[in-house]
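Q: Got a structure for you, questions after.
Next comes the structure, spelled out in structure tokens:
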């Protein structure tokens, strides 16, 4: 039996998600929070959208939060990203626009198109790429 392959199955529970969200929302070390954000998007439910969206204005964690959100198949993610788009500027806004493009959010087309003329080159360029990704 020693040569028989052993398989492990990972079951992600609500309790696991709650623990991960607690870490994200805590003052845990940056590496730990980043590690959780890297993994949570693969397994999280819709209840994780708001806590991760709350990080979209964080200069350090926003990219990782966007990465996690992009993996989630829920329409609430698109709503949260569009809302955050109204609240952010500069590189944070450019990142959110790119995420909307990556998710092919057609409901964001008008909002993104408005940013094509942004005086911030990063925002204008992100808008052009996102619209291309969406297929407009």
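Numbering (my numbering), first residue to last: 1 to 136. Note that CB positions come from ideal geometry on N, CA and C, so glycine has one too.
(1) Would residue 131 pass as a contact of residue 112 if the rule is Cβ separation under 8 Å?
(2) At 4 residues or longer, what runs of the alpha helix (DSSP H) sit wholly inside the segment 3-87?
(3) Ordered along the chain, which non-local residues of its own chain (more than five positions away) have a Cβ less than 8 Å from that of residue 32?
(4) Expressed to the nearest angstrom, what Euclidean distance is found between the alpha-carbon atoms of residue 58 and residue 66?
(5) What first and last residue would you give for the alpha helix (DSSP H) that runs through residue 131?
(6) Give the range of the alpha helix (DSSP H) segment to which residue 108 is assigned.
(7) In whole angstroms, give me the CA-to-CA distance for residue 38 and residue 114.
(8) Residue 107: buried (16+ other C-beta within 10 angstroms of its C-beta) or exposed?
(9) On a CA-only basis, which of 99, 83, 62 is nearest residue 34? Give me that one, please.
(10) Candidates 123, 81, 98: which alpha carbon is nearest residue 139's?
(11) Under three-state DSSP, which class holds residue 118?
A: Result, derived from the coordinates:
(1) Yes, these two residues count as a Cβ contact at 8 Å.
(2) Segments of the alpha helix (DSSP H) lying fully in the segment 3-87: 14-24, 30-43, 49-53, 62-71, 75-87.
(3) Same-chain partners within the cutoff: 23.
(4) Each residue's alpha carbon lies about 11 Å from the other.
(5) Residue 131 -> alpha helix (DSSP H) spans 121-134.
(6) For residue 108, no alpha helix (DSSP H) encloses it, and the DSSP letter there is neither H nor E.
(7) Spanning the two alpha carbons is a distance of roughly 31 Å.
(8) Looking at its Cβ environment, which holds fewer than 16 other Cβ atoms inside 10 Å, residue 107 is exposed.
(9) Selected option, being the one with the closest Cα: 62.
(10) Missing from the structure shown is residue 139; the chain here goes from 1 to 136 and no further.
(11) Three-state result, residue 118: coil.
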